[in-house]
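For what it's worth, the UniProt record's numbering labels the leading residue of the sequence shown as 1, then goes sequentially. Yeah, the Cβ is synthetic: ideal placement off N, Cα and C, and Gly gets one too. Just so we're clear, the structure is a prediction, and the values are computed from it rather than from any experiment.
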Amino acid sequence: MTSTKDHVDFLYKYHQIQPIHTQLTKATQSCDHDTIPMSFIPKREMSEAVSNEQNLDQLPPSYMYSMIFKDIVLEIDDDYAKSINALVIYCRQQKIPEIQINSLQSTYHQKSPVWWYSKSMFLHSMLNRALRLLDMEKMIKLGFFIRSLHLQLKQLHQEQSSNFQQAFTVYRGQELSQQDFQNLCNSKGGLLSFNNFLSTSKKKEVAMNFVNDSPHEKPIKTRPKY
1 MTSTKDHVDF LYKYHQIQPI HTQLTKATQS CDHDTIPMSF IPKREMSEAV
51 SNEQNLDQLP PSYMYSMIFK DIVLEIDDDY AKSINALVIY CRQQKIPEIQ
101 INSLQSTYHQ KSPVWWYSKS MFLHSMLNRA LRLLDMEKMI KLGFFIRSLH
151 LQLKQLHQEQ SSNFQQAFTV YRGQELSQQD FQNLCNSKGG LLSFNNFLST
201 SKKKEVAMNF VNDSPHEKPI KTRPKY
């Protein structure tokens, strides 16, 4: 039987731990947000690659690998039930919280891929980390989800593009290293490729929150517009 003192000590330690947990979670999310691989391809190199296939080896390897994987994963027609079960087994091996795994397994078909990607759980960070590191094992396990998410985004674009007669601007707060920022400046008119699904907002202040919340100080903090 615990005493009142033990109870007070527990509450004190609990309140000490909670802010630390909150800050660690926030820092982890910020790192996941900012550590996105980018390929910068100057206009000249892009033109040469398009005009002559022999120049394709001049393009960044990560860009080529991601394009090849995309072509492959979009052509696969597998059993979604088996794919989800395989992902569930893999997630248990990775010590993902059981409550999140059960939620995915029992309700996956009740929600859209975009809904699952936007939900605050392991799927979003696992997917982006796999794409960032080109982790083939994770990418294969998540292949069915990558395909479903891509197809839904493509469908939404087809359905909604006719509603917008003029281009509009969306914002993303993104931290860049000095080198990446210089590469970006040198690639004006060329191609900027992200090996990730990106979240953006039509509200600049929302994007700025991600910039201001970044735990790093040295890298350049910028807000690309699309």
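Inter-residue spacing [alpha-carbon to alpha-carbon] between residue 208 and residue 194: Residue 208 and residue 194 have their C-alpha atoms roughly 20 Å apart.
DSSP bridge partner residues for residue 201 (one or two, in chain order): Answer is 171, bridged to residue 201.
Residue 126 in three-state terms, based on DSSP: helix
8 Å CB neighbourhood of residue 24 in its chain, flanking five on each side removed: Annotation note: pLDDT 49 at residue 24 (below 50); position unreliable, coordinate value reported separately. Contacts found: none.
Cβ-based burial, residue 21 [other Cβ within 10 Å; buried from 16]: Residue confidence for residue 21 is low, a pLDDT of 48 falling below 50, so the modelled location carries little weight and cannot support an answer.
Closer than 6 Å: residue 170 CB and nearest the ligand PLP heavy atom: This structure does not include the ligand PLP; it has no bound ligands of any sort.
Residue 39 versus residue 189 - alpha carbon distance: 14 Å
Pairwise C-alpha distance: residue 60 and residue 191: Taking the straight line from one Cα to the other gives about 11 Å.
Sheet register partners of residue 194 (DSSP bridge): 38
Range covered by the alpha helix (DSSP H) that runs through residue 144: 143 to 160
C-alpha gap between residue 116 and residue 124, whole angstroms: 8 Å
Helix, strand or coil at residue 11 according to DSSP, with G and I counted as helix: Any reading at residue 11 must be qualified, since the residue scores a pLDDT of 49, below 50, and its modelled position is unreliable; no value is offered.
Inter-stretch contact (C-beta, 8 Å, three-pair minimum) for the segment 102 to 114 and the segment 74 to 92: yes
Contact under 7 Å by Cβ, residue 65 with residue 144: no
Pairwise C-alpha distance: residue 203 and residue 128: 23 Å
Residue 130 beta carbon less than 7 Å from that of residue 138: yes
Beta carbon of residue 113 nearer than 7 Å to that of residue 156: no
Status (buried if at least 16 other CB within 10 Å, exposed otherwise) for residue 172: buried
First through last residue of the alpha helix (DSSP H) which encompasses residue 63: Per DSSP, residue 63 belongs to the alpha helix (DSSP H) from 61 to 75.
Whole-Å CB distance - residue 186 paired with residue 42, under 8 Å assumed: 6 Å
Three-state class that DSSP yields for residue 245 in the structure shown: No statement about residue 245 is possible, as the shown extent of the chain runs from 1 to 226 and does not include it.
Distance between residue 169 and residue 221 (C-alpha atoms, nearest Å): Below a pLDDT of 50, predicted positions are generally treated as unreliable, and residue 221, at 47, falls in that range; the measurement from the model is reported next regardless. If I take the Cα positions, the gap works out to 19 Å.
Pairwise C-alpha distance: residue 184 and residue 45: 14 Å
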